[in-house]
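One structure is given below, encoded as structure tokens.
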Amino acid sequence: MTAMKLESYAAGQWIGPGPDARAIASAVTGEEVAIAGSALDFQAMLDHARFTGGPNLRAMTFHDRARMLKALAIHLGERKDRLYELSLHAGCTKADSWIDIDGGIGTLFVFASKGRRELPDAHVYVDGGIEQLSRNGTFLGQHILTPLQGAAVHINAFNFPVWGMLEKLAPTLLAGVPAIVKPATATSYVAEACFRMMVESGILPEGAVQFIAGGTGDLLDRLTPQDVVSFTGSAATALMLRSSPHILQNSIRFIAEQDSLNASILGPDAGPGTPEFDLFVKEVVREMTVKAGQKCTAIRRIIVPRAVEGDVIEALKAKLSRTVVGDPSAEGVRMGPLASLAQRRDVLEKVAVIGQEAECVHGDPDAFSVEGADAKKGAFVPPMLFRCPDPVGAASIHSTEAFGPVSTVMAYDALDEAVALANRGGGSLVMSLITHDPDVARDVARGAGAWHGRIYINDRDSMGESTGHGSPLPHLTHGGPGRAGGGEEMGGVRGVFHYMQRTSVQGSPNMLGAVAGTFVPGSKTFETDRHPFTKPFEELQLGETLHTKPRTVTLEDIEHFAHFTGDTFYAHMDEDAAAANPFFPGRVAHGYLLLSFAAGLFVEPSPGPVLANVGLDGLKFMKPVSPGDSIAVALTVKRKTRRTDTYGEVRWHVVLTNQDGETVAEYELHTMNAYAGAS
Ligand code: NDP
Numbered sequence: 027m028t029a030m031k032l033e034s035y036a037a038g039q040w041i042g043p044g045p046d047a048r049a050i051a052s053a054v055t056g057e058e059v060a061i062a063g064s065a066l067d068f069q070a071m072l073d074h075a076r077f078t079g080g081p082n083l084r085a086m087t088f089h090d091r092a093r094m095l096k097a098l099a100i101h102l103g104e105r106k107d108r109l110y111e112l113s114l115h116a117g118c119t120k121a122d123s124w125i126d127i128d129g130g131i132g133t134l135f136v137f138a139s140k141g142r143r144e145l146p147d148a149h150v151y152v153d154g155g156i157e158q159l160s161r162n163g164t165f166l167g168q169h170i171l172t173p174l175q176g177a178a179v180h181i182n183a184f185n186f187p188v189w190g191m192l193e194k195l196a197p198t199l200l201a202g203v204p205a206i207v208k209p210a211t212a213t214s215y216v217a218e219a220c221f222r223m224m225v226e227s228g229i230l231p232e233g234a235v236q237f238i239a240g241g242t243g244d245l246l247d248r249l250t251p252q253d254v255v256s257f258t259g260s261a262a263t264a265l266m267l268r269s270s271p272h273i274l275q276n277s278i279r280f281i282a283e284q285d286s287l288n289a290s291i292l293g294p295d296a297g298p299g300t301p302e303f304d305l306f307v308k309e310v311v312r313e314m315t316v317k318a319g320q321k322c323t324a325i326r327r328i329i330v331p332r333a334v335e336g337d338v339i340e341a342l343k344a345k346l347s348r349t350v351v352g353d354p355s356a357e358g359v360r361m362g363p364l365a366s367l368a369q370r371r372d373v374l375e376k377v378a379v380i381g382q383e384a385e386c387v388h389g390d391p392d393a394f395s396v397e398g399a400d401a402k403k404g405a406f407v408p409p410m411l412f413r414c415p416d417p418v419g420a421a422s423i424h425s426t427e428a429f430g431p432v433s434t435v436m437a438y439d440a441l442d443e444a445v446a447l448a449n450r451g452g453g454s455l456v457m458s459l460i461t462h463d464p465d466v467a468r469d470v471a472r473g474a475g476a477w478h479g480r481i482y483i484n485d486r487d488s489m490g491e492s493t494g495h496g497s498p499l500p501h502l503t504h505g506g507p508g509r510a511g512g513g514e515e516m517g518g519v520r521g522v523f524h525y526m527q528r529t530s531v532q533g534s535p536n537m538l539g540a541v542a543g544t545f546v547p548g549s550k551t552f553e554t555d556r557h558p559f560t561k562p563f564e565e566l567q568l569g570e571t572l573h574t575k576p577r578t579v580t581l582e583d584i585e586h587f588a589h590f591t592g593d594t595f596y597a598h599m600d601e602d603a604a605a606a607n608p609f610f611p612g613r614v615a616h617g618y619l620l621l622s623f624a625a626g627l628f629v630e631p632s633p634g635p636v637l638a639n640v641g642l643d644g645l646k647f648m649k650p651v652s653p654g655d656s657i658a659v660a661l662t663v664k665r666k667t668r669r670t671d672t673y674g675e676v677r678w679h680v681v682l683t684n685q686d687g688e689t690v691a692e693y694e695l696h697t698m699n700a701y702a703g704a705s
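So, in structure tokens, the structure goes:
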């Protein structure tokens with residue numbers, strides 16, 4: 027085949043390979059499939075991101091950007107076959123590519139959905155509640171997040187050219203920050219094809235994304251404190267890059283996701299014959315062989331009760347011996363080659379190190395069969411299983427990551443020893459525990475939580491729907507302490523905040539409200555001559571308030587409500603028992619009665635733009651209401667969020683006060699309101 031000439035995308039231009047371009051070989055045949063390495067003006071790229079991409083993205087709200095991610099996901103989904111084809115050169119079976127390609131597209135969808143559900147249709151994210159800093163409430167504090175005004179430089183690993191790119195792009199773009207993507211050269215032809223689809227879609231604004239096929243030159247030395255580096259790869263490269271004086275002097279954010287000696291523990295309860303034993307064997311084999319073990323989350327250390335060590339090894343060997351290795355496009359092949367010959371050399375060197383402390387019980391790299399390909403020309407290795415006789419005394423099995431289908435069995439006597447062994451990895455992305463005993467789950471999570479970014483617990487109850495030890499999910503944090511890099515990615519909207527600055531803002535309620543785009547209690551309110559329930563979504567204004575007339579709560583009301591609903595709790599029905607309760611002066615009105623009366627006071631009953639009451643948040647009953655007291659309601663427009671083309675969500679601040687002006691209850695009501703002409 028003719029080698030693909032990979033292009034960079036810099037400042038809106040496609041730029042082909044330069045004189046220093048590198049050849050990239052097929053992992054299966056060793057033939058040259060692509061060349062990459064453009065000569066680029068990195069300052070111009072950063073300027074394009076800072077002065078074109080950033081302003082374009084920041085002009086959009088979180089919801090605009092979320093809709094953009096969804097459109098992008100749909101666009102890529104319609105073109106993914108080409109990416110599957112290209113991934114064959116990288117040694118990926120269809121199942122491997124599914125994780126990379128469909129997994130990446132799925133991640134875009136999840137962020138698109140979370141962005142619209144969990145972030146406001148606004149430019150600023152309000153983090154947490156108002157802090158009362160003064161007695162009379164005229165001076166308050168709150169935290170806000172705004173997008174960084176620089177560029178995010180994404181340096182990605184070779185093993186997931188699509189997912190690795192999209193799982194970083196989704197939170198970055200949702201935050202409103204432009205990205206410069208640098209894929210690992212070995213599989214950059216897959217990343218480039220996917221990136222090109224995104225640019226050609228026209229969905230992203232100018233400057234939102236740029237692409238480097240090849241090296242980063244002096245890019246990192248040109249970064250400023252408004253830029254972020256998000257890196258995935260080896261610990262050695264991460265250390266080299268993050269410890270550069272320029273990065274350190276400027277406190278440039280550096281998110282790292284690197285090597286990880288992930289462990290899986292078989293619980294003491296899960297012996298042969300239990301569903302958990304079979305599940306454990308299946309998960310370990312899957313983690314060893316999917317992507318030929320080239321997953322940052324793969325199981326490298328298999329920690330099992332000493333009594334069943336032999337059974338585990340036999341069961342693993344039986345399954346591993348059925349793994350057909352070969353050309354991923356050949357019929358029946360379950361495991362392809364490593365991504366490159368360099369990667370094979372690296373894995374075999376690491377295997378030799380592991381071999382000094384552990385015996386190989388399965389898999390000989392000098393003698394194994396390869397289906398449909400030349401074992402010497404492609405980067406093939408067999409699955410290799412080791413057993414370490416003295417895991418407590420050993421060192422390199424806990425620190426050497428052979429980034430391939432390689433894992434070591436180690437036995438434990440007591441559960442705390444298993445936990446200690448798992449923690450010897452020095453910080454991992456994920457550890458798993460297969461047990462049906464909740465006490466074991468509790469003890470392991472308490473003992474191991476601090477050392478692992480994710481703990482995956484599985485048993486007979488969850489195995490039918492579980493997502494797999496090795497699958498980082500966009501909803502959950504991906505990253506780990508120490509050896510794993512100390513970074514965090516994804517984790518739902520938490521991942522978006524890595525590309526934003528948290529700022530505490532102090533001021534009066536009016537000032538904080540203006541900054542956050544929301545009504546802050548204590549700000550100025552106003553009334554209009556029309557009931558707010560008669561106004562379409564667009565006409566409602568923040569701070570607009572309806573003050574109702576008062577209503578007296580009688581003993582008959584309380585008794586009627588008690589018998590009608592069945593809530594005859596003593597505090598409402600028994601004067602002596604209620605008076606003996608330190609919270610009540612005697613019989614009091616039900617909280618739910620007050621809520622119902624509040625609705626009765628503030629609704630406008632005629633058909634109109636209010637479509638539905640969809641819930642309430644933050645309900646607090648602050649003072650009891652006794653028979654004879656009266657209540658009145660203030661209903662204020664607090665926040666408005668567009669939802670569809672025909673309606674939006676209105677959040678109302680609702681305050682119930684008594685005849686003395688004291689607040690008796692407070693909550694936030696959510697309604698769906700139609701736009702003008704849509705009701
Ligand atoms: P590297 O750390 O060498 O490369 C990772 C990324 O960093 C690639 O995009 C690479 O680009 C880039 N890079 C390398 N040097 C520089 C530099 N000086 N400046 C800027 N960018 C740079 O890892 P490899 O991909 O070679 O894999 C090596 C080992 O890393 C594996 O064997 C495995 O142990 C570990 N690894 C861990 C992963 C994880 O997810 N935790 C994933 C992949 C690997 P280029 O390709 O152009 O050199």
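The sequence shown begins at 27 in this note's numbering and counts up one residue at a time. Positions of the beta carbon are idealized from the N, C-alpha and C atoms, including for glycine.
Exercise for review: To the nearest angstrom, report how far apart residue 595 and residue 573 are at their CA atoms.
Suggested key: 31 Å
Check your understanding: Among 317, 368, 354, 300, which residue has its Cα nearest to the Cα of residue 338?
Key -> 300
Point to revise | Spatial distance of residue 265 from residue 486 (CA atoms) | key: 41 Å
**Study point:** Counted within 10 angstroms of its Cβ, other Cβ atoms place residue 316 as buried (16 or more) or exposed
**Key:** buried
Exercise for review: Would you identify the three-state DSSP class for residue 98, choosing helix, strand or coil?
Suggested key: helix
**Study point:** Whole-angstrom C-beta distance between residue 181 and residue 259, which should lie under 8 Å
**Key:** 7 Å
Review point. Within the present structure, is the beta-carbon of residue 185 separated from the nearest heavy atom of ligand 1 by less than 7 Å?
Key: yes
Point to revise | Burial state of residue 420, where buried means 16 or more other Cβ atoms lie within 10 Å | key: buried
Point to revise | Segment contact flag, the region 302-309 with the region 404-417, C-beta cutoff 8 Å, min 3 pairs | key: no
Review point. Is the region 41-60 close to the region 402-409, with three or more CB pairs under 8 Å?
Key: yes
Practice item. Using 7 Å as the cut-off, classify the Cβ of residue 234 as near or not near the heavy atoms of ligand 1, replying yes or no. Key: no
Check your understanding: DSSP on residue 705, reduced to helix/strand/coil?
Key -> Only weak support is given to the placement of residue 705: the predicted model assigns it a pLDDT of 49, under 50, and the question is left unresolved by the model.
Review point. Using 8 Å as the threshold, is the region 532-543 in touch with the region 515-522, meaning 3 or more CB pairs across them?
Key: no
Exercise for review: Please state if the CB of residue 84 and the CB of residue 202 are separated by a distance shorter than 8 Å.
Suggested key: yes
Check your understanding: When we look at the beta-carbon of residue 375 and count the other beta-carbons within 10 Å, is it buried (16 or more) or exposed?
Key -> exposed
**Study point:** Through-space distance from residue 514 to residue 185, alpha-carbon basis
**Key:** 19 Å
**Study point:** Minimum length 3: unbroken beta strand (DSSP E) runs contained in the region 271-338
**Key:** 279-283, 289-292, 327-331
Check your understanding: Of all the options 192, 476, 696, 72, which has the alpha carbon lying nearest to the alpha carbon of residue 183?
Key -> 192
Point to revise | Boundaries (first-last residue) of the beta strand (DSSP E) holding residue 35 | key: 34-36
**Study point:** Continuous alpha helix (DSSP H) assignments of at least 4 residues falling wholly in the region 205-272
**Key:** 214-227, 261-268
Exercise for review: Report the three-state DSSP secondary structure of residue 82 (helix, strand or coil).
Suggested key: helix
Exercise for review: Assign residue 650 to one of three DSSP states: helix, strand, or coil.
Suggested key: coil
Point to revise | Any 3 or more C-beta pairs closer than 8 Å across the region 541-557 and the region 171-180 | key: no
Point to revise | Alpha carbon of residue 120 to alpha carbon of residue 129, nearest angstrom | key: 12 Å
Check your understanding: Would you say residue 577 and residue 619 are within 8 Å of each other, going by their C-beta atoms?
Key -> no
Practice item. Could you spell out where the alpha helix (DSSP H) holding residue 167 opens and where it closes? Key: Here residue 167 belongs to no alpha helix (DSSP H); instead the beta strand (DSSP E) covers 166-173.
Check your understanding: Cα separation between residue 445 and residue 465?
Key -> 14 Å
Exercise for review: Closer than 7 Å by C-beta to residue 134: which residues in its own chain qualify, once you throw out the five before and the five after it? Chain order, please.
Suggested key: 95, 98, 99, 192, 196
Review point. Pairing CB atoms from the region 102-114 with CB atoms from the region 154-174, are three or more of them under 8 Å?
Key: no
Exercise for review: Tell me, to the nearest whole angstrom, how far the beta carbon of residue 285 is from that of residue 509; I am working on the premise that it is less than 8 Å.
Suggested key: 7 Å
Point to revise | residue 656: first and last residue of the uninterrupted beta strand (DSSP E) it sits in | key: 656-668
Review point. Straight-line CA distance for residue 31 to residue 239?
Key: 10 Å
Review point. Can the beta-carbon of residue 501 be found closer than 8 Å to that of residue 150?
Key: no
Review point. Which residues mark the beginning and the end of the beta strand (DSSP E) in which residue 454 is found?
Key: Per DSSP, residue 454 belongs to no beta strand (DSSP E) and is neither H nor E.
Practice item. Please determine, among 432, 409, 431, 437, the residue with the shortest C-alpha to C-alpha distance to residue 417. Key: 437
Check your understanding: Taking C-alpha atoms, which residue in 349, 143, 42, 217 lies nearest to residue 394?
Key -> 349
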